[in-house]
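Quick note: the sequence shown uses this note's numbering, first residue 357, plus one each step. Note that CB positions come from ideal geometry on N, CA and C, so glycine has one too. To start, the structure itself, in structure tokens.
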Amino acid sequence: METFQTNDSFRTWTRIRVPPNILTDDERHNVSDVNLYWSGIFFLINGIVYFRNLTAFTRLGNNENLPEGGIIGLSSRKWCWSKYKLKPNIKSHMVIWTREEIYLGYPPLRFVKIITIKKLRKILNMPAAGVLTIQDVKYTGHPLEIALLLNHCITCTTVKRLYIVIYSEVTKEWVLQDFELDVAIDSVVTSRFPYASISEVILWDKHRVYYSYHNFTVTGVLQTPTESGNLSRLAHGSVISTVFTDYYGNIIVKMENNIMFFFKIYTTDAVKLHLWTNNQTKSLFFLNASGKIYLIYVFDDGTIYPQDYPVRLETQSIASKTKEKCPFIIFHHNIMYISYVLDKGHYLSFWAQIVYPENAGLYITVESYGPDILKKESQVLYEIASGYCTKTITVTFYQTVDYEAVKDYFTLQNKNTGLLVVRVRPSEYTKMCPAAQKVFQVAVGCDFSKFIAVKGFDRKSCRWHDFFYIIKKSYLRDRPSKNLRVKYDWKKYGCPLRLNFKEKFHPVLQLYSDDGYIEDVDVNFIVWEIHGRDDYSFNNTMKTSGCLNEAQTWNSMHKLNKHLPLEYAWGPENYNHCFSYAIGKPGDLNQPYEIINKSNHNHLVWPMQHTGMYVFRAKILDPNYSFCNLTAIFAIEIYGTISSPNGDLVIAFLFLLMLLFFSILVLSYFHYMRIYRQYIYAPIYKTRRIKDQEK
């Protein structure tokens, strides 16, 4: 009838319209699937995918690497993991499939065919006999995995067998699961993976719901008090419309006539809920922005009415009739978020507690699903009082990998990063228990919300303006033939710190996240002038820093890695310390020590002969500090230097000084010559007589 779109949980909505003459009337009424995308909406109509954005309604096909027909489904992730993009460039946004091919969609609008049924049969070593087709494709509870539901039959007359294959977007591996289910040949089975840590799946056709729990080890048909699990017979012949799951393990089966059944994940039987609306109204379940369940009613006049659905009250009302009780009194924990990121040297610790009647024998299970990259320690405390038992479990996840001086730093990092989904739950619970599980993800790797900055620098204490300045060629590391003209990008570099040439500067790095300041960085880091200047130095020498062998420097690392740009020549991947005779080689320990940390009092020292603008980048050097390549940029302007004397002035001054000296020398010569001649030519007695007369 219509396609409605909302941005506020259907408090308001719009009707989606397409330009005229693109779809026929028959096509308009054959929309078999719709999928939201970051930049628009996908429609599946008669086996063809259409894409609608703000400006166009486009039919997709060969130009987008999609087939021109035969598409039977499209899907995207159901569960919202806020930080699932741990390793970039490997995450698809949606999946499209035919009976024999699967395509993954990537932004902006790019599709890649990842497998065909013929190739998949060979990978899985499945027998060549029989017909193998793709029934359904869904993203699992793990944000990096995709599940395939396959049909297989030999004679294909009465029964077909269903298989499940899991594909990892990280390892690119296809794994056939220990799951088999026989259904009628004409059954159209749909799958839904609940919000869980390990692979659990709910499947349904028109009449029955199937489950497979505990990583496909417990499989069966959802049972009811009568009719052996045939929900249609309990719903006056209506068929299953959809199966709805939420973040808390609640599962609601809604029939087309609005009769509903309820069960929880890991339970194997369902109860019929009270009728909520009449059997003529079209309705559907949704989750609002806070994760609560609400119903959407669509009336014949094209209006929509949302209504909260109190699933907890409804199940409690049913419990009064069934006499079913929850085996524990309370289950709670201190897990506040659905996503945690563990960087190097960090750990995650949490507790969970259950209170239950004495002798019930309950406990708390902690299950994880994903790569084996974390160690786990747990401690259980037990207490009994007044007929009730209290069990508290404390769990810590951590890593102990040492990345210093390894042969292949980046390979080791990649091997020890990944994503785990963890679930904490009581060992037993029933449909009548409140939220009885907590599922969250632990991402081991770089937290992209973190960054470093140099203390004392900001972008607000100065007037922003770009300008150009010249760096003399003699001040540059590579000694080019011409001076370098540089543009100071105020937006990128921020406000420069003005220092007198006599002032030494010791940079202090600070770690931040999107939430603000975290800590001062106390590990080793390096700095370099990004435009190639090398007319600065450090006040510490290798000897005063305690080195036993020659330490790494920018010059030595650049010589070892001439094929790399300067900024990639030295980093945590090739750092070696100098405080052991077993590492490095002997050398001149009177060279400047170019590694800085918070406590080694190593300062930048400036030249005295000229002023200058220096733009530095700092990089964390410690290989055990972070999976992120943490860098920060800062600028320093030097003023007040002692100017070098002008050569012409010096020559002129020396000339005048020598002229004065020779003039005095000549005058002295003639003066003493006059005196000398007077005594030579005058008689001695005249001289004595004159002296006697004077007396």
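Whole-angstrom C-beta distance between residue j and residue i, which should lie under 8 Å
i: residue 865; j: residue 974; result: 6 Å
i: residue 599; j: residue 565; result: 6 Å
i: residue 700; j: residue 980; result: 5 Å
i: residue 394; j: residue 463; result: 6 Å
i: residue 970; j: residue 992; result: 5 Å
i: residue 693; j: residue 798; result: In fact, because the Cβ distance is near 11 Å, the residues do not count as touching under 8 Å.
i: residue 718; j: residue 783; result: 5 Å
i: residue 989; j: residue 877; result: That pair is no contact at about 15 Å.
i: residue 449; j: residue 432; result: 6 Å
i: residue 601; j: residue 558; result: 7 Å
Chain-order list of residues whose beta-carbon lies under 6 Å from that of residue i (same chain, five-residue window excluded)
i: residue 686; result: 711
i: residue 1033; result: none
i: residue 856; result: 996
i: residue 416; result: 405, 407 and 422
i: residue 890; result: 833
i: residue 909; result: 950
i: residue 785; result: 792
i: residue 982; result: 699 and 700
i: residue 820; result: 846
i: residue 943; result: 906
i: residue 414; result: 407
Buried or exposed (CB count within 10 angstroms, at least 16 for buried), residue i
i: residue 419; result: exposed
i: residue 380; result: exposed
i: residue 678; result: exposed
i: residue 616; result: buried
i: residue 1055; result: One cannot answer for residue 1055 here, as it falls past the ends of the chain, which runs 357 to 1051.
i: residue 898; result: buried
i: residue 965; result: exposed
i: residue 789; result: buried
i: residue 466; result: exposed
i: residue 645; result: exposed
i: residue 673; result: exposed
i: residue 814; result: exposed
i: residue 411; result: exposed
i: residue 504; result: buried
i: residue 436; result: exposed
i: residue 485; result: exposed
i: residue 1014; result: exposed
i: residue 586; result: exposed
i: residue 1031; result: exposed
Cutoff 8 Å; reference residue i; Cβ partners in own chain excluding five residues on either side
i: residue 913; result: 925, 926 and 930
i: residue 935; result: 902, 903 and 904
i: residue 360; result: 366, 369, 370, 371, 372, 654 and 660
i: residue 768; result: 757, 759 and 762
i: residue 509; result: 486, 487, 515, 516, 517 and 541
Close beta carbons around residue i, own chain, < 7 Å, minus the five adjacent residues each side
i: residue 532; result: 480, 519 and 521
i: residue 571; result: 554 and 555
i: residue 512; result: 487 and 541
i: residue 688; result: 709
i: residue 733; result: 752
i: residue 383; result: 401 and 402
i: residue 838; result: 829
i: residue 787; result: 618, 619, 620, 623, 627, 671 and 680
i: residue 875; result: 867
i: residue 529; result: none
i: residue 472; result: 456 and 457
Cβ-heavy atom distance, residue i to the ligand HEM, below 7 Å
i: residue 646; result: Only the bare structure without any ligand can be found here, which leaves the ligand HEM out of the picture.
message = Three Cβ pairs or more, each shorter than 8 Å: is that satisfied between the stretch 575–584 and the stretch 621–638?
response = yes
_As an exercise, report each continuous beta strand (DSSP E) stretch of at least 3 residues that is fully enclosed by the stretch 978–1016, in chain order._
987–995
### Query
Does the stretch 743–758 come within contact of the stretch 697–704, defined as at least 3 CB pairs closer than 8 Å?
yes
Q: Evaluate the contact criterion for the stretch 759–776 versus the stretch 804–818: three or more CB pairs, one atom per stretch, below 8 Å.
A: no
(message) Does the contact criterion of 3 or more C-beta pairs under 8 Å hold for the stretch 488–498 versus the stretch 540–548?
(response) yes
My parser needs the beta strand (DSSP E) runs of 3 or more residues fully inside the stretch 667–752; what are they? 686–689, 695–698, 703–713, 720–725 and 731–741
For the stretch 860–874 and the stretch 832–845, state whether three or more C-beta atom pairs, one from each stretch, are separated by less than 8 Å.
no
Length-filtered (4 minimum) alpha helix (DSSP H) runs lying within the stretch 579–630
587–590
Per the contact definition of three or more C-beta pairs closer than 8 Å, is the stretch 625–640 in contact with the stretch 652–664?
yes
- Message: My parser needs the alpha helix (DSSP H) runs of 4 or more residues fully inside the stretch 838–909; what are they?
- Response: 846–849
Taking 8 Å as the cut-off, does the stretch 774–794 touch the stretch 715–726 (at least 3 CB pairs, one atom from each stretch)?
yes
Continuous alpha helix (DSSP H) assignments of at least 4 residues falling wholly in the stretch 489–519: none
### alpha helix (DSSP H) segments (min. 4 residues) lying fully within the stretch 765–813
765–771
Restricting to runs no shorter than 3 residues, where is the beta strand (DSSP E) found entirely within the stretch 524–568?
530–532, 537–540, 546–548 and 557–560
Kindly provide the ranges of any beta strand (DSSP E) runs that are 3 or more residues long and lie completely inside the stretch 385–448, ordered along the chain. 387–393, 396–401, 404–408, 413–415 and 429–432
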